[in-house]
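Colleague: Just passing along the structure, written as structure tokens.
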Amino acid sequence: MTASLVAKIQKRITAEVAEMVSEDGDVALDNERGGDA
Amino acid sequence: MRIKRVNKPHLGDPKGSRHGRRRRYCRCAGHELLSCLLDEAEPRLWREFLARPGGLNTALAYLSSASPDELSLPEIGDLVAETADQAGDRGFQTLLSYLRQRATFPPAALQLLDDAVRRGHFAGVDRAVVLATEWDRIEAQSGLTGPPAHIREYWYGEALAGHVTGKRIVTVPAQIADTAERLADHAAAARPTTTEIPADIYDLYGPVFTAIDVVAAADIAIEVEAMGPRVLTEAISELLKQLPLREVRKRLAMLRDWNVQMGTSDMVITPVLAEFLSQAGEFPSILAKLGSLIDDTRDGQFQSKHLVQRDLEFSKYFHEYARLKGVYRQLPYPKESLGELYRRFKKLPELSHDGPAEAQIGDDLASEVRRLSYEAIGLLRFLRRFRAGTSRPVVVVGNNRYGRQWQVEPLEPFLSRDFSLRYDGVPSHQSMRLGVPHARNFEWSADNTGPWTPDAFPMEFVRQIAEEMPHVVVVDSMSPGRYSGLSIFSRAMKTYAHWFVAFNDIRGSELTADFMPPRHLEELRHWYEYVRLRHQLKEWVRPGPGYRLGLWTPQLTKEAQLGELAVPGTPAILDIDEPQVILANPMIYADDALPSHLRGTRPTSLMDRKGSRRNISCSDSGHTVFNQRFEVR
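Protein chains in written order, with my numbering: chain A, 1 to 37; chain B, 1 to 633.
Structure below.
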């Protein structure tokens with residue numbers, strides 16, 4: 001895997017997280033998958 | 001405490017041996033010189049020189065001090081005649097003083113000086129003679145030789161060129177002698193337990209003695225050794241070329257703070273970076289430019305032709321080179337200075353650039369990336385929830401590589417406002433049950449520590465956490481290969497936990513007593529790496545409150561596997577202000593806990609692919625590819 005591919009994957013993760021954050025609304029206090037934390 | 005002289009680096013050799021000079025008395029000199037006076041075949045101007053007051057004495061003084069491989073009497077005669085032919089009487093006094101000192105000049109300087117005399121550049125030669133006379137005086141007083149030939153040559157060159165003039169010429173040799181003494185004291189005090197310190201202070205701090213301001217350069221060398229950042233000695237003179245000492249100090253202090261914020265405390269200031277950092281303008285905007293170059297590299301836009309961007313990678317090379325030497329059993333560990341490693345770094349062969357076609361996320365990768373995103377948002381939820389329940393600052397440590405590359409760096413846009421981010425590299429491979437990291441603040445730390453001990457948490461960060469006690473969340477994952485139903489955390493996480501056990505010990509806190517099995521902690525406290533870390537932390541940390549340790553993972557079980565250790569599943573606690581260290585693994589190991597479209601994916605396989613590391617990867621030849629463009633040999 002090349003450096004540019006890693007950067008591309010990171011950007012894709014960032015974009016997908018951004019999409020999920022906007023779908024969730026505010027994820028700040030939602031800990032549905034937070035285990036026993 | 002005054003360090004015994006025997007432990008200090010050498011300041012010089014017994015007088016007379018450094019240049020291999022052999023003083024001899026030329027018994028035939030008188031006879032030969034008298035012949036010159038009477039022999040009409042000798043150049044007329046040479047004979048006139050000898051006949052003038054002081055001429056014969058000077059020629060005798062030269063012959064009695066010159067070694068056999070220096071100019072013979074006829075050659076000196078030619079030099080005198082040629083000079084007198086060009087300049088007449090004007091050069092007589094200079095010739096007198098130059099010939100008396102000529103035997104004390106190093107060979108490379110002699111060539112320059114002879115040429116200058118022939119060309120009639122007497123002012124430059126006079127300045128060089130003043131320097132030589134002053135060095136002679138200091139040597140006579142101290143009984144030791146002064147700086148080695150290359151440093152003297154440098155200053156003779158400066159004197160000839162007129163870069164150093166007036167009263168300053170007289171002060172330079174004394175400044176060099178005082179600085180050598182001061183640095184020798186400093187080096188001995190800074191390395192009290194190091195047996196193999198470099199033999200000569202002029203080798204250890206060479207470029208300091210050719211800096212535009214020797215005293216200021218020594219001030220900076222001592223300051224950065226104590227407080228960071230790492231600065232190559234040759235870079236110090238580069239900084240002083242452009243800026244006064246006060247401004248250099250101010251900028252280095254700002255750079256230290258900036259490095260902590262950026263997670264780049266291991267940066268090494270090379271001459272190229274020094275030039276960049278000392279350019280005119282507001283320093284915050286210069287730092288902003290530097291930051292954008294670092295970001296470009298992290299975004300895969302590394303340009304090896306960009307010298308600043310290239311030198312920013314040197315710290316990675318330094319660490320990897322040390323580690324590789326250990327991996328390939330090329331022991332004993334090479335005791336090379338940062339300067340020597342930098343010279344190696346500059347010679348690294350360049351590899352071909354990645355083709356744009358390679359940077360495609362195919363279908364096979366796309367599902368792994370979706371899994372990474374899913375786990376990353378779980379981590380983001382936890383971090384935001386944790387943040388909301390405390391007023392204490394939170395530092396998130398992305399462990400290099402997995403935790404950094406796939407978990408924290410992609411979340412930077414969401415975390416940078418409310419969290420401090422930093423990246424340390426504690427590998428799980430090559431680690432053992434009792435591994436404890438150690439901050440390699442300087443090259444001799446690496447020499448003492450050995451390449452197998454992970455390098456983490458530099459001095460600046462340790463001082464920060466000792467003062468502010470932020471919560472620390474260390475993020476990393478572990479391959480599911482050893483998943484047995486218990487929550488699992490990598491061996492690297494266990495190594496971080498050992499670090500905080502030592503920190504709490506220094507603080508006098510018992511808060512980590514129940515986090516690991518008591519027998520393990522007892523054994524750990526006797527392990528040499530632990531003892532060494534305690535010794536290091538004692539210098540930086542005062543007694544005070546300690547950290548509580550806890551675990552976070554989406555499915556934390558009552559018992560957990562921390563590297564090789566079975567530990568209680570101590571959960572991270574929300575809504576508290578007491579300082580807490582949380583070892584966080586966002587990976588979901590039970591397939592049925594994943595959404596159906598992500599089942600069967602295995603993102604750790606990204607790390608198994610050939611050359612998958614972002615900046616450093618193993619090539620087929622077994623060498624390490626550095627930032628995909630350089631090969632470490």
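Backbone N, C-alpha and C fix where the C-beta goes; we use that ideal spot for every residue, glycine too.
Evaluate the contact criterion for the region 580 to 599 of chain B versus the region 516 to 532 of chain B: three or more CB pairs, one atom per stretch, below 8 Å.
Modeller: no
Colleague: Give me the DSSP bridge partner(s) of residue 424 of chain B.
Modeller: Within the second sequence, numbered from 1, the residue matching residue 424 of chain B stands at position 424. Looking at the DSSP output, residue 424 of chain B sits in a beta bridge with B:399.
Colleague: For residue 262 of chain B and residue 433 of chain B, I'd like the C-alpha separation in whole angstroms.
Modeller: By one-based count along the second sequence, residue 262 of chain B stands at place 262. By one-based count along the second sequence, residue 433 of chain B stands at place 433. So the alpha carbons of these two residues sit roughly 31 Å apart.
Colleague: Assign residue 7 of chain A to one of three DSSP states: helix, strand, or coil.
Modeller: Your numbering for residue 7 of chain A matches position 7 in the first sequence. DSSP, reduced to helix, strand and coil, places residue 7 of chain A within a helical segment of the structure shown.
Colleague: Show which residues of chain A have a CB atom less than 8 Å away from the CB atom of residue 139 of chain B.
Modeller: For the purposes of this step, residue 139 of chain B is taken as residue 139 along the second sequence, with counting starting at 1. Going along chain A, no residue has its Cβ under 8 Å from residue 139 of chain B, so there is no contact; the nearest lies around 55 Å.
Colleague: Where does residue 419 of chain B fall in DSSP's three states?
Modeller: In the second sequence, residue 419 of chain B corresponds to position 419, counting from 1. DSSP places residue 419 of chain B in coil when its eight states are reduced to three.
Colleague: Out of B:62, B:479, B:72 and B:81, state which residue places its alpha-carbon closest to the alpha-carbon of residue 47 of chain B.
Modeller: Here residue 47 of chain B refers to the residue found at position 47 of the second sequence. Taking only the C-alpha atoms, the option nearest residue 47 of chain B is B:81.
Colleague: With respect to the alpha helix (DSSP H) encompassing residue 552 of chain B, which residues constitute its N-terminal and C-terminal limits?
Modeller: To locate residue 552 of chain B, count along the second sequence from 1; it is residue 552. First-last for residue 552 of chain B: 548 to 552, but that is the beta strand (DSSP E), not the alpha helix (DSSP H).
Colleague: Where does residue 86 of chain B land, buried or exposed, given buried means 16+ other C-beta within 10 angstroms?
Modeller: Here residue 86 of chain B refers to the residue found at position 86 of the second sequence. Classification of residue 86 of chain B: exposed, given that the 10 Å Cβ count is below 16.
Colleague: Residue 369 of chain B touches chain A at which residues, Cβ-Cβ below 8 Å?
Modeller: As a working mapping, residue 369 of chain B is identified with position 369 in the second sequence. Under the 8 Å cutoff, chain A gives 9, 12, 13 and 16.
Colleague: DSSP puts residue 230 of chain B in a beta bridge; with which residues?
Modeller: By 1-based counting over the second sequence, the position of residue 230 of chain B is 230. For residue 230 of chain B, which the question treats as bridged, DSSP gives the partners B:268.
Colleague: Give the secondary structure of residue 515 of chain B by DSSP, where H, G and I count as helix, E and B as strand, and everything else as coil.
Modeller: The count along the second sequence starts at 1 and reaches residue 515 of chain B at position 515. DSSP places residue 515 of chain B in coil when its eight states are reduced to three.
Colleague: Would you call residue 455 of chain B buried or exposed, if buried means 16 or more other Cβ atoms sit within 10 Å of its Cβ?
Modeller: Taking the first residue of the second sequence as 1, we reach residue 455 of chain B at position 455. Classification of residue 455 of chain B: buried, given that the 10 Å Cβ count is 16 or more.
Colleague: Report yes if the C-beta distance between residue 639 of chain B and residue 552 of chain B is below 8 Å; otherwise report no.
Modeller: No answer is possible for residue 639 of chain B: the residues shown for chain B start at 1 and end at 633.
Colleague: Can you tell which of B:502, B:513, B:544 and B:296 has the C-alpha that lies nearest to the C-alpha of residue 467 of chain B?
Modeller: Position 467 of the second sequence, counted from the start, is the residue given in the question as residue 467 of chain B. Nearest option by C-alpha distance: B:544.
Colleague: Is residue 312 of chain B close to chain A, meaning its C-beta is less than 8 Å from at least one C-beta of that chain?
Modeller: Position 312 of the second sequence holds residue 312 of chain B. No, residue 312 of chain B does not count as interfacial toward chain A.
Colleague: Identify which residue in B:264, B:530, B:275 and B:63 has its Cα closest to the Cα of residue 295 of chain B.
Modeller: Sequence index remark: in the second sequence, residue 295 of chain B carries index 295 (1-based). Cα-wise, what sits closest to residue 295 of chain B is B:264.
Colleague: Which of the three DSSP states is assigned to residue 566 of chain B in this structure?
Modeller: Position 566 of the second sequence, counted from the start, is the residue given in the question as residue 566 of chain B. Looking at residue 566 of chain B - three-state DSSP - the assignment turns out to be strand.
Colleague: So which residues of chain A does residue 373 of chain B contact, with C-beta pairs closer than 8 Å?
Modeller: One-based indexing of the second sequence puts residue 373 of chain B at position 373. Those within 8 Å of residue 373 of chain B in chain A are 12, 13, 16, 17 and 20.
Colleague: For the ligand ATP, I want to know if residue 486 of chain B counts as a neighbour, meaning its beta carbon is within less than 7 Å of at least one of the ligand's heavy atoms.
Modeller: Among the components of this structure there are no ligands whatsoever, and the ligand ATP is therefore not found.
Colleague: For my contact list, residue 160 of chain B and residue 116 of chain B are in at a C-beta cut-off of 8 Å; report their separation, rounded to the angstrom.
Modeller: Along the second sequence, read from residue 1 onward, the residue named residue 160 of chain B stands at position 160. Along the second sequence, read from residue 1 onward, the residue named residue 116 of chain B stands at position 116. Correct: roughly 6 Å between the Cβ atoms.
Colleague: Would residue 464 of chain B and residue 172 of chain B be called neighbours here (beta carbons separated by less than 8 Å)?
Modeller: For this step, residue 464 of chain B is matched to residue 464 along the second sequence. For this step, residue 172 of chain B is matched to residue 172 along the second sequence. Cβ atoms of residue 464 of chain B and residue 172 of chain B: not closer than 8 Å.
Colleague: Anything in chain A within Cβ reach of residue 409 of chain B, meaning under 7 Å, just list it in chain order.
Modeller: Within the second sequence, residue 409 of chain B is the residue found at index 409, counting from 1. Going along chain A in sequence order, the residues near residue 409 of chain B (Cβ under 7 Å) are 10.
Colleague: Just how far apart, CA to CA, sit residue 52 of chain B and residue 102 of chain B?
Modeller: Here residue 52 of chain B is taken as the residue at index 52 of the second sequence, counted from 1. Here residue 102 of chain B is taken as the residue at index 102 of the second sequence, counted from 1. Roughly 19 Å between the two C-alpha positions.
Colleague: Under 8 Å between C-beta atoms, does residue 405 of chain B make it to chain A?
Modeller: The residue given as residue 405 of chain B occupies position 405 in the second sequence. By this cut-off, residue 405 of chain B is an interface position.
Colleague: From B:389, B:390, B:376 and B:391, pick the residue whose C-alpha is nearest to that of residue 412 of chain B; which is it?
Modeller: Residue 412 of chain B sits at position 412 when you count from the first residue of the second sequence. The shortest Cα separation from residue 412 of chain B among B:389, B:390, B:376 and B:391 belongs to B:376.
Colleague: Use the C-beta contact count for residue 9 of chain A: other C-beta atoms within 10 angstroms, 16 or more gives buried, fewer gives exposed.
Modeller: One-based indexing of the first sequence puts residue 9 of chain A at position 9. Buried, by the Cβ-count rule.
Colleague: Return yes when the Cβ of residue 217 of chain B is within less than 8 Å of the Cβ of residue 211 of chain B, no when it is not.
Modeller: Sequence index remark: in the second sequence, residue 211 of chain B carries index 211 (1-based). Sequence index remark: in the second sequence, residue 217 of chain B carries index 217 (1-based). Yes, these two residues count as a Cβ contact at 8 Å.
Colleague: Apart from the five residues on each side of it in sequence, which residues of its chain come closer than 7 Å, Cβ to Cβ, to residue 5 of chain A?
Modeller: For the purposes of this step, residue 5 of chain A is taken as the residue at position 5 of the first sequence. Here the set comprises nothing.
Colleague: Cα-Cα, which of B:436, B:283 and B:341 is closest to residue 321 of chain B?
Modeller: In the second sequence, the residue the question calls residue 321 of chain B occupies position 321. Of the candidates B:436, B:283 and B:341, the one whose C-alpha sits nearest the C-alpha of residue 321 of chain B is B:341.
Colleague: Terminal residues of the continuous alpha helix (DSSP H) containing residue 584 of chain B?
Modeller: Reading the second sequence from its first residue, position 584 is the one you call residue 584 of chain B. From DSSP, residue 584 of chain B is part of no alpha helix (DSSP H) but of the beta strand (DSSP E) over 580 to 584.
Colleague: Which residue's Cα is closest to the Cα of residue 130 of chain B: B:167, B:339 and B:550?
Modeller: As a working mapping, residue 130 of chain B is identified with position 130 in the second sequence. Nearest C-alpha to residue 130 of chain B: B:167.
Colleague: Quick one: what does DSSP say residue 471 of chain B is sitting in, helix, strand or coil?
Modeller: Taking the first residue of the second sequence as position 1, residue 471 of chain B is located at position 471. Three-state DSSP puts residue 471 of chain B in a strand.
Colleague: Under 8 Å, Cβ to Cβ, is there at least one residue of chain A near residue 414 of chain B?
Modeller: Along the second sequence, read from residue 1 onward, the residue named residue 414 of chain B stands at position 414. For residue 414 of chain B, the nearest beta carbon of chain A is closer than 8 Å to its own beta carbon.
Colleague: So, does the CB of residue 377 of chain B fall closer than 8 Å to a CB anywhere in chain A?
Modeller: Indexing the second sequence from 1 puts residue 377 of chain B at position 377. Residue 377 of chain B has a beta carbon lying within less than 8 Å of a beta carbon in chain A.
Colleague: Using a beta-carbon distance below 8 Å, is residue 380 of chain B in contact with chain A?
Modeller: Position 380 of the second sequence, counted from the start, is the residue given in the question as residue 380 of chain B. Interface residue, yes.
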